[in-house]
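Some notes on the structure that comes next.
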Amino acid sequence: MKLPRGQLVRSRVVSNPGTSMATMLDRELTGYALLEPQEALLLDADERGVLTFEDGVPVLAYHTGTDRGGVEALADLAVPGPYSVDVFELSAADVDDLHDTPDLTVPPGMPVERVAGDPELAARTRERARSLGLDAPAGAAADASGASQEQEDPVATFLENGEKIDAIREQAREESEQRAREWGLAGELADGAD
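Take any residue in the sequence shown, count from 1 to its spot, add 1: that is its number in this note's numbering.
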């Protein structure tokens, strides 16, 4: 997914991306958000999620690490925070070009529910989408069923990915060993066999 640069309007580290989604909704922002979850930050990985917005309503989702889009990309983004979130504003013409990609489309309230876990914000988002005519019939039906179906638990999804967990453990182990050496406590480290 090739994104126009846009104007950076917000860059924050947040515990939950719902904070940034609420800001975009409240400001009726048109553009996109780059979401980089904690695991990518810790592991220095180049895995980001992209959510595009029209008047504050999510329209497209894409994940750079898995190269998946639409609802599947939301599952890749639904991991424990914190997240680094950069929000860019775009012109309506640039967004229209991006939104001409139906396989990346998501129902308006689903990103908020699946990634942020905020049903109240999801309801506000759906209401705004309806008022703007952004809830296409297919998307609205999928969104309504997504709201009523059993939601994937982001923590359970994360815990099922053994590779990510092992990589985070290894990174934490290396950092703790380095700190122990810096503080002169290397001899106090427990042996891996204990």
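Backbone N, C-alpha and C define an ideal beta-carbon position, used for all residues, glycine too.
Rounded separation between residue i and residue j - CA only
| i | j | result |
| --- | --- | --- |
| P59 | T53 | 6 Å |
| L36 | V51 | 6 Å |
| G7 | R170 | 36 Å |
| S12 | E178 | 32 Å |
| L4 | W184 | 45 Å |
Range covered by the beta strand (DSSP E) that runs through residue i
| i | result |
| --- | --- |
| G19 | Run containing G19: none in the beta strand (DSSP E); it sits in the alpha helix (DSSP H), 19-28. |
| E90 | 84-90 |
| A34 | 32-38 |
Start-to-end residues for the alpha helix (DSSP H) that takes in residue i
| i | result |
| --- | --- |
| S132 | 120-133 |
| E73 | 72-78 |
| D95 | 93-99 |
CB of residue i within 8 Å of CB of residue j, strictly
| i | j | result |
| --- | --- | --- |
| A173 | D87 | no |
| R130 | P109 | The sequence shown places Ala at residue 130, rather than the Arg named in the question. Contact: yes. |
| M25 | G57 | yes |
| R115 | L75 | yes |
| E128 | L30 | no |
| L61 | T126 | no |
| G66 | E55 | no |
Local conformation of residue i per DSSP, three classes
| i | result |
| --- | --- |
| S12 | strand |
| G188 | helix |
| E55 | strand |
| G163 | helix |
| L4 | coil |
| V113 | helix |
| V107 | coil |
| R174 | helix |
| R69 | strand |
| S146 | Only weak support exists for where S146 lies, its pLDDT of 44 falling under 50; the coordinates are left without a value. |
Checklist entry - So, do the region 96-105 and the region 16-24 have three or more beta carbon pairs nearer to each other than 8 Å? => result no
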